[in-house]
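Residue numbers (the working numbering), protein chains in the order written: chain A, 1 to 365; chain B, 1001 to 1365.
Idealized CB from N, CA, C, for every residue including glycine.
Note that the structure is predicted; figures quoted are calculated from it, not measured.
There are 2 protein chains.
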Amino acid sequence: MSTLMFSDDDLRQIVQRVGIDVIMDELVQRLFDALAAFDPQVTEIPTRAGFHYDTPVTGLIEWMPLLEKQRSVVMKVVGYHPDSPETLQLPTILSNLSKYDPSTGRLVALMDGTFLTAMRTGAASAVASRVLADPDSSTIGLIGCGAQAVTQLHALSRCFDLNSVLIYDVDQRAMDSFTQRIRAFAPRSLPIRQESLAELVAASDILCVATSVGIGEGPVFDFTDVRPALHVNAVGSDFPGKTEVPKALLLDSFVCADTRDQAMREGECQQLSADQVAADLPEVVKQAARFERFRSHKTVFDSTGWALEDQVAMDLMLELAGDLGIGTEVHIECVSEDPRDPYEFIDAGSEQSAVDDKASVTGGV
Amino acid sequence: MSTLMFSDDDLRQIVQRVGIDVIMDELVQRLFDALAAFDPQVTEIPTRAGFHYDTPVTGLIEWMPLLEKQRSVVMKVVGYHPDSPETLQLPTILSNLSKYDPSTGRLVALMDGTFLTAMRTGAASAVASRVLADPDSSTIGLIGCGAQAVTQLHALSRCFDLNSVLIYDVDQRAMDSFTQRIRAFAPRSLPIRQESLAELVAASDILCVATSVGIGEGPVFDFTDVRPALHVNAVGSDFPGKTEVPKALLLDSFVCADTRDQAMREGECQQLSADQVAADLPEVVKQAARFERFRSHKTVFDSTGWALEDQVAMDLMLELAGDLGIGTEVHIECVSEDPRDPYEFIDAGSEQSAVDDKASVTGGV
Chain A
1 MSTLMFSDDD
11 LRQIVQRVGI
21 DVIMDELVQR
31 LFDALAAFDP
41 QVTEIPTRAG
51 FHYDTPVTGL
61 IEWMPLLEKQ
71 RSVVMKVVGY
81 HPDSPETLQL
91 PTILSNLSKY
101 DPSTGRLVAL
111 MDGTFLTAMR
121 TGAASAVASR
131 VLADPDSSTI
141 GLIGCGAQAV
151 TQLHALSRCF
161 DLNSVLIYDV
171 DQRAMDSFTQ
181 RIRAFAPRSL
191 PIRQESLAEL
201 VAASDILCVA
211 TSVGIGEGPV
221 FDFTDVRPAL
231 HVNAVGSDFP
241 GKTEVPKALL
251 LDSFVCADTR
261 DQAMREGECQ
271 QLSADQVAAD
281 LPEVVKQAAR
291 FERFRSHKTV
301 FDSTGWALED
311 QVAMDLMLEL
321 AGDLGIGTEV
331 HIECVSEDPR
341 DPYEFIDAGS
351 EQSAVDDKAS
361 VTGGV
Chain B
1001 MSTLMFSDDD
1011 LRQIVQRVGI
1021 DVIMDELVQR
1031 LFDALAAFDP
1041 QVTEIPTRAG
1051 FHYDTPVTGL
1061 IEWMPLLEKQ
1071 RSVVMKVVGY
1081 HPDSPETLQL
1091 PTILSNLSKY
1101 DPSTGRLVAL
1111 MDGTFLTAMR
1121 TGAASAVASR
1131 VLADPDSSTI
1141 GLIGCGAQAV
1151 TQLHALSRCF
1161 DLNSVLIYDV
1171 DQRAMDSFTQ
1181 RIRAFAPRSL
1191 PIRQESLAEL
1201 VAASDILCVA
1211 TSVGIGEGPV
1221 FDFTDVRPAL
1231 HVNAVGSDFP
1241 GKTEVPKALL
1251 LDSFVCADTR
1261 DQAMREGECQ
1271 QLSADQVAAD
1281 LPEVVKQAAR
1291 FERFRSHKTV
1301 FDSTGWALED
1311 QVAMDLMLEL
1321 AGDLGIGTEV
1331 HIECVSEDPR
1341 DPYEFIDAGS
1351 EQSAVDDKAS
1361 VTGGV
């Protein structure tokens, strides 16, 4: 009874050996395919729930479970603590992903969800943008230059032929360090320009909004002059009361939510009535040809984060890890040979280590 | 950013070094104290939720989260697959426990929940029995001789001066192997007797019921002739439609649920209306002196399993592990030095192992 565990070093090795661009390309394509194939009769995704609190700091810890019937249960546990970068030099998001076998309940695999949340959030915007944004989009505007902005740009740079990136953040340091933080994928020739908010909004073909604006303090830009076919990836709103995009822009746009109910509760769609949310992401991907006509209109993708994205990301990493023989088999569950004897494992003692198969793992997940 | 991980071997070492009796005694006392101190304003325990399915096998995977405000989040993920012992030689319950820091979202610790679920379920019955059963109870009846029966008997044997154990199971093999499975704690002098169901029920001072009876197929015994001060620990009912105890006995007893809403949905209390459930376990423990008067009456503890019990069990093991220097620091979360750079950790690569501090861990949890 073993669990395949991945350390940060294991994920690092996978990324180093496969390449961050290949991983992002795979993730975007697999997410597209998973959305196109999504069947709620086969894959159950309950409403995300969690603990929200104001002490010791403002934050939340949520769980995002998914059942793919007869195949697997994936559970993401994710913390969001917006003060962490400033006060603790930690990311706002810390997370892990675990996978279970629904025929036994066994913990099959465990890995980081921090890096993968950033990757899959970028990939989700790329999928929405592939259908809804003008394919000739070449100017990206980023409002908020934190961790999410990095993967937004990465994912979009893999799907669009960019020739200009406009950035804005209320924190000058975040703007100043941005070029350094995209070195893993951005060609040096790609111009990154700090821009005033109004001019950034006016000049963008695709706008990605991912800020830590406070509850009730949005929107983070005004809807005045925007391009007629502007596509917005609205990433930061994922909490009741937190919104970033002006309601007037939403009302003037085709709005697609990743998952409608959640977006109505936590995302930009809080500002809308149900009939003003035109579609959800599986619908848009399944009928891409039909929805591509909105490429010449203003469109908004309201991204609140969805367990399907996490499942796709985890499965991709598990597959790559299997190919590369990366991962460690650990024995966590205390299982007796006689299933009716919970104490037998105590006597079964040996000197074996918790970790007995370092870097010799393939398949089986 | 590290996580304290416990292998099955780590838990085995803790149990071997501390002793299973000491652990059970501590668990019973700490659970009693935690229930006496329980304040729903401080400790939030949402309703257990999960996936229930009939393919590939009948089973469920549930998550049981708990927030102790400002201190910790504990998440238990637990699978229940009743066919596992017969078809796979695996326990019906497989589980793990994880703990998070609510100031960052960090995964603080991870350990088995299989063994600990069995232990804490026994401890919960012992706590209820300490208040509600006749302190002179000396004959225990066990209906169902599976894994739960072992820890029921263990916990009760630590709180009552037993001189007779009567056992019954529809599976003769489970009865035949029972004495062997309680060797870790039961003195050889303790008489274990296979008994007919009716005679077992009639002769027991305390009855523990923990079977894998199918949905809609209960009760598993008749309410005819029982002792006037019989106390029942009803352990097996934890699923809509699954009940073990005759309704007539419930109606004739003081009924205490571990947690009222859940017991009304999944436990024996499904058979009752809300006003027929006299109390819940925190109430009974907080006002033990008041409820002890029911020791001379028939009483039933409806145990469906509660996250508070898991938190107490996990915290006990973490404390013992800290004392003994057992556990392994692993790096799971991919955290960059610059919290705004999700890709920085990729370059931070080193040859360091996933496991860098084996058996050198103390405190900090």
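Own chain partners of P1082 (chain B) with C-beta closer than 7 Å, once the 5 adjacent residues on each side are dropped: For the purposes of this step, residue 1082 (chain B) is taken as the residue at position 82 of the second sequence. Closer than 7 Å at Cβ, skipping near neighbours: T1058, T1092 and S1212.
Proximal residues, the stretch 1304-1315 of chain B versus chain A, C-beta separation under 9 Å: Interface annotation for the stretch 1304-1315 of chain B against chain A: empty, criterion Cβ-Cβ distance under 9 Å.
Supposed close pair T304 (chain A), D258 (chain A) - CB separation, criterion 8 Å: Stepping through the first sequence from its first residue, residue 304 (chain A) is reached at position 304. Stepping through the first sequence from its first residue, residue 258 (chain A) is reached at position 258. Their Cβ separation, rounded to whole angstroms, is 6 Å, which keeps T304 (chain A) and D258 (chain A) in contact under 8 Å.
Partner residues on chain A for S1177 (chain B), Cβ-Cβ distance less than 9 Å: Counting from one through the second sequence, the residue named residue 1177 (chain B) turns up at place 177. The answer, in chain order, is D338, R340 and D341.
C-alpha distance - C1334 (chain B) paired with V15 (chain A), whole-angstrom precision: Within the second sequence, residue 1334 (chain B) is the residue found at index 334, counting from 1. Within the first sequence, residue 15 (chain A) is the residue found at index 15, counting from 1. So the alpha carbons of these two residues sit roughly 12 Å apart.
S1129 (chain B) - DSSP class collapsed to helix/strand/coil: Locating residue 1129 (chain B) in the second sequence gives position 129, where the first residue counts as 1. S1129 (chain B): helix per DSSP, three-state reduction.
For T328 (chain A) and V361 (chain A), the rounded distance between their alpha carbons: Translated into positions along the first sequence, residue 361 (chain A) becomes position 361. Translated into positions along the first sequence, residue 328 (chain A) becomes position 328. Bear in mind that the predicted position of V361 (chain A) carries a pLDDT of just 39, short of 50, making it unreliable; the figure below should be weighed with that in mind. C-alpha separation (whole angstroms): 7 Å.
Under the three-state DSSP convention, the category E1319 (chain B) falls into: Within the second sequence, numbered from 1, the residue matching residue 1319 (chain B) stands at position 319. The DSSP-derived three-state label of E1319 (chain B) is helix.
CB contact check: D357 (chain A) to chain B, cutoff 8 Å: As a first step, residue 357 (chain A) is located in the first sequence; it is residue number 357 there, counting from the start. Its pLDDT being 40, under 50, D357 (chain A) is placed unreliably by the model, and nothing is read from it.
Inter-residue Cα distance where the pair is G363 (chain A) and L324 (chain A): Counted from its first residue, the first sequence places residue 363 (chain A) at position 363. Counted from its first residue, the first sequence places residue 324 (chain A) at position 324. Confidence at G363 (chain A) is low in this model, with a pLDDT of 36, below 50, so its placement is unreliable and the value that follows should be read with caution. If you take the alpha carbons of G363 (chain A) and L324 (chain A), they lie about 10 Å apart.
Classification of N1163 (chain B) by the beta-carbon crowding that lies within 10 angstroms, buried from 16 upward: Taking the first residue of the second sequence as position 1, residue 1163 (chain B) is located at position 163. Exposed is the call here.
Paired residues, beta bridge with W63 (chain A) - DSSP: Along the first sequence, read from residue 1 onward, the residue named residue 63 (chain A) stands at position 63. A:A49 and A:V77, per the DSSP bridge assignment.
Interface residues of the stretch 50-71 of chain A facing chain B [CB-CB below 7 Å]: Within the stretch 50-71 of chain A, the qualifying residues are F51, Y53, T55, P56, V57, G59, I61, W63, P65, L67, K69 and Q70.
Contact between the stretch 258-274 of chain A and the stretch 293-309 of chain A (3+ Cβ pairs under 8 Å): Touching, yes, given that three or more Cβ pairs across the two stretches are closer than 8 Å.
Unbroken beta strand (DSSP E) run spanning F1301 (chain B), endpoints: Taking the first residue of the second sequence as position 1, residue 1301 (chain B) is located at position 301. That run of the beta strand (DSSP E) goes T1299 to D1302.
Residue span of the alpha helix (DSSP H) that contains Q1180 (chain B), given as start and end: As a first step, residue 1180 (chain B) is located in the second sequence; it is residue number 180 there, counting from the start. Per DSSP, Q1180 (chain B) is one residue of the alpha helix (DSSP H) stretching across F1178 to R1181.
Members of the stretch 1156-1168 of chain B near chain A, C-beta cut-off 7 Å: Listed in sequence order: no entries.
Buried versus exposed call for A1174 (chain B) [16 or more other C-beta atoms within 10 Å across all chains shown]: For the purposes of this step, residue 1174 (chain B) is identified with residue 174 of the second sequence, where counting begins at 1. By the Cβ-count criterion, A1174 (chain B) is buried, with 16 or more other Cβ atoms from all chains shown falling within 10 Å of its own Cβ.
The stretch 1071-1086 of chain B: positions lying closer than 8 Å to chain A by Cβ: Under the 8 Å Cβ criterion, the stretch 1071-1086 of chain B contributes V1073, M1075, V1077, V1078, G1079, Y1080, H1081, S1084 and P1085.
Exposed unless 16 or more other CB atoms sit within 10 angstroms - verdict on V245 (chain A): The residue given as residue 245 (chain A) occupies position 245 in the first sequence. So V245 (chain A) counts as buried.
CB-CB length for T121 (chain A) against Q148 (chain A), believed under 8 Å: The sequence position of residue 121 (chain A) within the first sequence is 121, counting from 1. The sequence position of residue 148 (chain A) within the first sequence is 148, counting from 1. Contact annotation, T121 (chain A) with Q148 (chain A): C-beta distance approximately 6 Å; criterion of less than 8 Å satisfied.
Inter-stretch contact at 8 Å, needing at least 3 Cβ pairs: the stretch 1065-1079 of chain B / the stretch 1133-1152 of chain B: Cβ pair count under 8 Å is below three, so no.
Neighbour list for F1115 (chain B) in chain A, Cβ cutoff strictly below 9 Å: Residue numbering aside, residue 1115 (chain B) sits at position 115 when the second sequence is read from its first letter. Going along chain A in sequence order, the residues near F1115 (chain B) (Cβ under 9 Å) are E333, C334, V335, S336, P342, Y343, F345 and I346.
Chain B within 8 Å of I20 (chain A), Cβ atoms only: For this step, residue 20 (chain A) is matched to residue 20 along the first sequence. Closer than 8 Å: yes.
Opposing strand residues paired with H231 (chain A) [DSSP bridges]: As a working note, residue 231 (chain A) is residue 231 in the first sequence. The partner list for H231 (chain A) (beta bridge, DSSP) reads A:I206 and A:T299.
Test: G1105 (chain B) CB closer than 8 Å to a CB of chain A: Residue mapping note: residue 1105 (chain B) aligns to position 105 of the second sequence, counting from 1. Yes, its Cβ sits closer than 8 Å to a Cβ of chain A.
C-beta neighbour in chain B for M214 (chain A), strict 8 Å: Within the first sequence, residue 214 (chain A) is the residue found at index 214, counting from 1. Sequence check: residue 214 (chain A) is Gly here, not Met. It does not; no Cβ of chain B falls within 8 Å.
Against chain C: residues of the stretch 262-278 of chain A by CB proximity under 8 Å: The displayed structure is made up of protein chains A and B, and chain C is not among them.
Within chain A, the residues that S1007 (chain B) reaches when beta carbons sit closer than 7 Å: In the second sequence, counting from the first residue as 1, residue 1007 (chain B) sits at position 7. Correct list: V330, H331, I332 and A354.
C-beta neighbour in chain B for P187 (chain A), strict 8 Å: Here residue 187 (chain A) is taken as the residue at index 187 of the first sequence, counted from 1. So, not an interface residue.
Chain-ordered residues of the stretch 200-232 of chain A with a beta carbon less than 8 Å from chain B: Those residues of the stretch 200-232 of chain A that come within reach of chain B (Cβ to Cβ, closer than 8 Å) do not exist; the list is empty.
Proximity test, Cβ basis, 8 Å: G364 (chain A) and chain B: Position 364 of the first sequence, counted from the start, is the residue given in the question as residue 364 (chain A). Only weak support exists for where G364 (chain A) lies, its pLDDT of 37 falling under 50; the value from the coordinates is given anyway. By the rule that beta-carbons nearer than 8 Å mark a contact, G364 (chain A) does not touch chain B.
Residue-level contact to chain B via CB, L11 (chain A), 8 Å cutoff: Residue numbering aside, residue 11 (chain A) sits at position 11 when the first sequence is read from its first letter. Cβ-Cβ to chain B under 8 Å: yes for L11 (chain A).
Between the CA atoms of L1116 (chain B) and K358 (chain A) - distance to the nearest angstrom: As a first step, residue 358 (chain A) is located in the first sequence; it is residue number 358 there, counting from the start. As a first step, residue 1116 (chain B) is located in the second sequence; it is residue number 116 there, counting from the start. Residue confidence for K358 (chain A) is low, a pLDDT of 39 falling below 50, so the modelled location carries little weight and cannot support an answer.
Buried versus exposed, by CB contacts within 10 Å (16 or more), G1216 (chain B): Within the second sequence, numbered from 1, the residue matching residue 1216 (chain B) stands at position 216. G1216 (chain B) is exposed by the Cβ-count criterion.
Spatial distance of V284 (chain A) from A126 (chain A) (CA atoms): Along the first sequence, one-based indexing puts residue 284 (chain A) at 284. Along the first sequence, one-based indexing puts residue 126 (chain A) at 126. One C-alpha to the other measures close to 13 Å.
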